[in-house]
Amino acid sequence: MPPYIHFNHEEFGSIVKKDYTFTFAGTVSEVHIQDEIPTLDTIFTDMGQKGPRPASLLICDENTLPIARKITGEDPGVPICTLQSGEEKKTWGSVEKILGAAKAVGLGRDGIFIAAGGGVISDLTAFAASIYMRGSRLCIVSTTLLGMVDAAVGGKTGFDLFGVKNFAGTFFPAAQIYLPVESLKTLPKNEWKSGMAELIKTAVLDRDEEFFRLLKSFKGDFPRGDKLIDCIARSVALKGRIVEADPKETGTERALLNLGHTFGHALESVAGLGRLSHGEAVAWGMARSCELGLALGITPKDRADAIISLLRSFAYETAAPHPLMETDAETFLKALGGDKKKKGGKLTFIVPAAQGGQLVSDTAEKPITEFLLKNLVNGGSSKIKNLTTNHTKNTN
Ligand SMILES: NC(=O)c1ccc[n+]([C@@H]2O[C@H](COP(=O)([O-])OP(=O)(O)OC[C@H]3O[C@@H](n4cnc5c(N)ncnc54)[C@H](O)[C@@H]3O)[C@@H](O)[C@H]2O)c1
Ligand SMILES: [Zn+2]
Numbered sequence: 001m002p003p004y005i006h007f008n009h010e011e012f013g014s015i016v017k018k019d020y021t022f023t024f025a026g027t028v029s030e031v032h033i034q035d036e037i038p039t040l041d042t043i044f045t046d047m048g049q050k051g052p053r054p055a056s057l058l059i060c061d062e063n064t065l066p067i068a069r070k071i072t073g074e075d076p077g078v079p080i081c082t083l084q085s086g087e088e089k090k091t092w093g094s095v096e097k098i099l100g101a102a103k104a105v106g107l108g109r110d111g112i113f114i115a116a117g118g119g120v121i122s123d124l125t126a127f128a129a130s131i132y133m134r135g136s137r138l139c140i141v142s143t144t145l146l147g148m149v150d151a152a153v154g155g156k157t158g159f160d161l162f163g164v165k166n167f168a169g170t171f172f173p174a175a176q177i178y179l180p181v182e183s184l185k186t187l188p189k190n191e192w193k194s195g196m197a198e199l200i201k202t203a204v205l206d207r208d209e210e211f212f213r214l215l216k217s218f219k220g221d222f223p224r225g226d227k228l229i230d231c232i233a234r235s236v237a238l239k240g241r242i243v244e245a246d247p248k249e250t251g252t253e254r255a256l257l258n259l260g261h262t263f264g265h266a267l268e269s270v271a272g273l274g275r276l277s278h279g280e281a282v283a284w285g286m287a288r289s290c291e292l293g294l295a296l297g298i299t300p301k302d303r304a305d306a307i308i309s310l311l312r313s314f315a316y317e318t319a320a321p322h323p324l325m326e327t328d329a330e331t332f333l334k335a336l337g338g339d340k341k342k343k344g345g346k347l348t349f350i351v352p353a354a355q356g357g358q359l360v361s362d363t364a365e366k367p368i369t370e371f372l373l374k375n376l377v378n379g380g381s382s383k384i385k386n387l388t389t390n391h392t393k394n395t396n
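For the sequence shown, counting from 1, position 106 maps to 106 in this note's numbering; every step adds exactly one.
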């Protein structure tokens, strides 16, 4: 285990608790992967709060209110601000509601914002905490699989604006992050499926093939118990390591986490928002990335086959064209070009390499476009000839 990950095992019956400490651009984030939902006592203690508690606020949505109530218990000391759930509520209006509630409870710069919810609640709360009185204190209790393996760790905050996802945001890592698997007991199946795709993405990026083998061994069932904690821990370790290396996505390292996302976002936009989950779109995008990587000679055939077969085992749609595409190739390509990850006017993709992932950008764009037109939208297979990839970094 690399030295910068502090790895503690604590046995709770059959359940293992794992703690990690990361430093993201000078800010220390502690991550606790555990069975139980934390109490306020635990949160304030871990936040280093000695003596009287400062006025603080717990933010949840209508579906995570029972979890928020479990955190506060009988303690009325921390008021709860409940937002409506859903990506369509990831707006400035919700941020304003959080800021207003914080002001109403007299939260000062020493006060703590506690998010209890999935990625929408943690992104909104983290953004509000980052601008409240020029920045206050933040703790995240993540309650979705996607939140645990992706959104809660790494310091990206934000909300949707002008119809663009995460158009406005900041980097503001939480000091304490709890990933309590007990909270997943009420998570709907479609949300499990959405998070599972990000878990598969991380396993593909991980150069330790043990993670990939572990996911294969589930044969399409969602992991439970110790195995679930193990999967979350592996994702957290990898994401934490990547974000430590490239906290503000100025290099190529953090971009690797976008495996499957350029294609996935394009599919989400042409299919129409809400018709398929983010994870389903990313899973389909990963299958496309495999095909692209194969054509570029970067993804070995057996690796592409193994990834697509893992995706299929979890019942993700992997074939092109996607049944919800209902569009022509040109429209799809336009949607691909509209991805905000587009760099310097050229399309950027992450493709699986022999191990880990690799960024392909600044390539001779035309052949890729032709390839996409021929294969990724209309089906079929071909090789891209004479492509030079401007390099490329693996997830070491
Ligand atoms: N900051 C980052 O680095 C990062 C990374 C990935 C994704 N994200 C963001 O995360 C968001 C998606 O996150 P998400 O999938 O968690 O969405 P979400 O927060 O909307 O949660 C999905 C649904 O599950 C419900 N829910 C949450 N926890 C529950 C529980 N324990 N039991 C029952 N229902 C529960 C929510 O109310 C919601 O209806 C997107 O907005 C995305 O931009 C951020
Ligand atoms: Zn994602």
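Using N, Cα and C, we set each Cβ at its ideal position, and we do this for glycine too.
A quick note: this is a predicted structure, and the numbers were derived from the prediction, not measured.
Item                                                                                                                          : Value
Presumed contact (8 Å Cβ cut-off) between Ile-114 and Ser-183, rounded CB distance                                            : With 8 Å as the limit, Ile-114 and Ser-183 do not qualify as a contact, their Cβ atoms being about 14 Å apart.
Val-95 beta carbon less than 8 Å from that of Phe-159                                                                         : yes
Contact the stretch 37–53 vs the stretch 192–211: 3+ CB pairs below 8 Å                                                       : no
Strand pairing of Lys-156, partner residues [DSSP]                                                                            : Phe-171
Three-state class that DSSP yields for Ser-142 in the structure shown                                                         : strand
Identity of the residues DSSP links to Ala-116 by a beta bridge                                                               : Cys-60, Val-141
Counted within 10 angstroms of its Cβ, other Cβ atoms place Trp-284 as buried (16 or more) or exposed                         : buried
Within 7 Å of ligand 3: residues by beta-carbon to any heavy atom                                                             : Absence of ligand 3 from the depicted structure is noted, with ligand 1 and ligand 2 being the only ligands included.
CA nearest to the CA of Ala-152, picked from Val-243, Lys-70, Leu-214                                                         : Val-243
DSSP three-state assignment for Leu-347, whether helix, strand or coil                                                        : coil
Beta-carbon contacts of Val-120 that lie in its chain and below 8 Å, excluding the five residues immediately before and after : Asp-61, Ser-85, Gly-86, Glu-87, Lys-89, Lys-90
Helix, strand or coil at Leu-324 according to DSSP, with G and I counted as helix                                             : coil
Residue range of the alpha helix (DSSP H) that includes Thr-262                                                               : 261–271
Closest residue to Arg-234 among Arg-224, Glu-210, Asp-246 (Cα-Cα distance)                                                   : Glu-210
Local Cβ density within 10 Å of Pro-323, reported as buried at 16 or more and exposed below that                              : exposed
Residue range of the alpha helix (DSSP H) that includes Glu-244                                                               : 225–245
Rounded separation between Ile-67 and Lys-97 - CA only                                                                        : 20 Å
Proximity test, Ile-41 beta-carbon vs ligand 1 heavy atom, cut-off 7 Å                                                        : Reading off the sequence shown, one finds Asp at residue 41, where the question assumed Ile. No - ligand 1 has no heavy atom lying nearer than 7 Å to the Cβ of Asp-41.
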